[in-house]
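Heads up: the structure comes next, in C-alpha cells.
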Amino acid sequence: MFTYAPYLFGLVVSICCFLYTRHRQDVRRRFGLPYPPGPKPLPIIGNLCDLPKENESATYFQWAQRYGDLVYANVLGRDLLFVNSAQVAADLFEKRFSNYSDRTPLYMINDLMGWEWSFGMMRYGDRWKKHRLVFDRQFKSSVAPAYRPIQAAQCHLFLRRLLDSPNDLLEHLRHNAASTIMKVIYGIDIEPQNDHYVEVAEEALTALGKAATPGAFLVDSLPFLKYVPEWMPGAGFKRKARLWKKTLYEMRDAPFEAVKVAMIRGGASPSFVSNLLGDLNPKADSDEQMETIKCCAGLGYAAGAESVVSALSSFFLAMILCPEVQRKAQSELDVVIGPGSARLPHFNDRSSTPYINAIVKEVLRWNPVAPLGLPHMTTKDDVYNGYFIPSGTTVFGNTWTILHDESVYPQPLMFSPERFLSPDGRELNKCTPDPLAAFGYGRRICPGRHMAEATLWISIASILATFDVGPGLDDGGRPVKTKAEFSSGAICHPLPFQYTISPRSDIARRLIQQTADVAP
1 MFTYAPYLFG LVVSICCFLY TRHRQDVRRR FGLPYPPGPK PLPIIGNLCD LPKENESATY
61 FQWAQRYGDL VYANVLGRDL LFVNSAQVAA DLFEKRFSNY SDRTPLYMIN DLMGWEWSFG
121 MMRYGDRWKK HRLVFDRQFK SSVAPAYRPI QAAQCHLFLR RLLDSPNDLL EHLRHNAAST
181 IMKVIYGIDI EPQNDHYVEV AEEALTALGK AATPGAFLVD SLPFLKYVPE WMPGAGFKRK
241 ARLWKKTLYE MRDAPFEAVK VAMIRGGASP SFVSNLLGDL NPKADSDEQM ETIKCCAGLG
301 YAAGAESVVS ALSSFFLAMI LCPEVQRKAQ SELDVVIGPG SARLPHFNDR SSTPYINAIV
361 KEVLRWNPVA PLGLPHMTTK DDVYNGYFIP SGTTVFGNTW TILHDESVYP QPLMFSPERF
421 LSPDGRELNK CTPDPLAAFG YGRRICPGRH MAEATLWISI ASILATFDVG PGLDDGGRPV
481 KTKAEFSSGA ICHPLPFQYT ISPRSDIARR LIQQTADVAP
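Numbering-wise, our numbering puts 507 at position 507 of the sequence shown, and it's gapless, one number per residue.
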C-alpha cells in the first residue's frame, strides 16, 4: 500500500534543518565573526557526508593538518568543534571550564539507552558534582594505593592463566581487567570463564561504543526522532536502544544488589560499594544515597574495564614491533628485582623503574583508548582567537591528534618510551608533557586515572619480568610480519595480531606458579 508518510517525514526534517541553520546564521551575524575553519558544508545536511564511518582518527588528523587547531563542522544544524592541540584544549576545557564542562545532549545514549544515571554522561551541574565527589573520595591519588593488594593479586593470577594458555591472550586480558575492577568496586570474585556479570557488562559496553561514534545514529542530530514509534520504518535504532537499555540496567543493578545481600548476611568483602554503604549518613535520604553509590559503582566498572584491555593489548603489540624496548625494560627489571626473576615486581619498585614508567606513558600516548573522548558542550556563545563558537556546540578533544603532535612528540607514530626519559635514562623527562589527554579534559578528566595507571604499571612490569613476547610464527617457524592496525569507533583496540608468549626461564615459570597459588 502506497503511503506519503516517508515523504512527509523527509520534508519535515529538511524544513527543521533549514530553519535551525538560518537561526544559527542570524546569531553569528550579531557577533560579526566567522566560525573556525572546516570542510565546506552542503545545503541543509551540512557536513553529514564528511563524517567518517571508519578510520575516524585518520580523518580528524587530516582535518587538523588542513584547517588548524580548531575545526568547525555542522551536521543537520548541529554545531561540531574539534580541538586539535594541547594548548587550545587547556584554554577551553580548563581556563574556560564553566562554559566547556557540560555534556552535549546524548539522545541515543542517554534518552534512549538509559545512560543518564552515569555521571560520565550527565550534564554539568549540582547532580554531577555530587556523584563526582563520591567517586573522587574513593579513587583520588591519596586513596588509590589502598587497592594495590587487589591489583597485584589479580595480576599474579593473570600471569598464571597466561602461562597455562598463552594463545588466549585477549580472553585473559578481559578477565584480568574485569576481575580487578569487580573486586575493587564490589568485592566480588568472578568466575574463571563465562562469568555472567562480565558477559552482561561487555555487551553493554559494546553497545555504548557503537552509539558513541559521531554520526552513528541520526537521532543525535535530529532529536525529535526519539519520539518516532518503534514500529515505524527506519526506527530500528529504537528497538536496539530498548534491548541495550535492558542490558545496561542489569550491568548496573545486579552486582550492587549482590553486595547488599552479602552485607545483610555478614559476608561482604571490603569494596568501594560496601565501604560507602556502611558509611551512610543517617541524617540524609538513604534511598538517594544508595542510588548515588549504585550509579557511581556502575560507572566505575564501565569506564575501567575496556580501557585497561585496550591499553594492554597495545602494549603487547608494541613489544612485538619494538623488541629493543622489551629488552631494555627487562634489563631494568633484572637490576631492580634481581636476575633470573628472583621475585615478582611490587609497587615499591615503581620509583626505581623509570623505563617501565615511560612505557606506561607511551602506551597511553601511542594508541589512546578513546581517540575523541566524550564530547563536551558549550553553554553560552564564545569567541576564541577571533572565531565565533555558538552556544550548544558539541566540542571534541581530538585526543589522537593531540598525542600525535609532531612538535611535541617527534616521530609520533613510532613507539618510543625514550621520549619520556631524561638523556641519561635515569629519570622521567619533565620537559615532555604527560599524555593526560588520554584521560580526558578539564573538570571531566577521568577520576579513576590513578588506579588505571597503577594497574598498567604492575601488569607491564610483571609481564616483562616473567615472559618474552614475540611475533607469531608461520608453518615453517618463521616470524610473521606484524602491523600496527587499530579498530574504529569510540573505543580503539589493536586489530587481531599473531604473537608468541613464553616464560623467560624455568625460574620464572616456577615463580608464576608459586605466586598464583598463594594469591588471595
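Glycine included, each C-beta is placed from N, C-alpha and C at the ideal position. Given the structure is predicted, the values throughout are model-derived calculations rather than measurements.
The C-alpha of Leu280 is placed about 49 Å away from the C-alpha of Ala484. Note on geometry: alpha-carbon atoms of Leu208 and Asp506 lie some 43 Å from one another. The beta carbons of Leu464 and Leu333 sit about 6 Å from each other, so the pair counts as a contact at 8 Å. In this structure, the alpha-carbon of Ser331 lies about 12 Å from that of Thr466. For Arg78, there is no enclosing alpha helix (DSSP H); the residue is part of the beta strand (DSSP E) that begins and ends at 78-83. In the structure shown, Pro270 falls within a coil segment according to DSSP collapsed to helix, strand and coil.
Per the C-alpha coordinates, the member of Val480, Ser85, Asn357, Lys129 positioned closest to Thr455 is Asn357. When secondary structure is reduced to three states using DSSP, Thr379 falls in the coil class, being assigned neither helix nor strand. By the Cβ-count criterion, Lys129 is exposed, with fewer than 16 other Cβ atoms from all chains shown falling within 10 Å of its own Cβ. It is roughly 40 Å from the alpha-carbon of Asn47 to the alpha-carbon of Glu418. With contacts defined by Cβ atoms closer than 7 Å, Pro39 and Asp50 form a contacting pair. In the structure shown, the three-state DSSP call for Ala370 is coil. When His172, Val143, Pro145 are compared, the shortest CA-CA separation from Leu157 is found for His172. In the structure shown, Asn176 adopts helical secondary structure according to DSSP, grouped into three states. Beta-bridge partners assigned by DSSP to Pro471: Tyr499. When the five nearest sequence neighbours on each side are left out, the beta carbons in the same chain lying within less than 6 Å of the beta carbon of Ser221 are those of Val75, Leu76, Arg78, in order along the chain. If you compare the alpha carbons of Thr104, Leu112, Gln138, Leu80 with that of Tyr124, the shortest gap goes to Thr104. Contact between Pro354 and Leu421 holds, since their C-beta atoms are separated by about 6 Å, short of 8 Å. DSSP places Gly442 outside any alpha helix (DSSP H), giving it a letter other than H or E. DSSP places Val88 outside any beta strand (DSSP E); the residue lies instead in the alpha helix (DSSP H), whose first and last residues are 86-89.
Secondary structure at Tyr387: strand, using DSSP grouped into helix, strand and coil.
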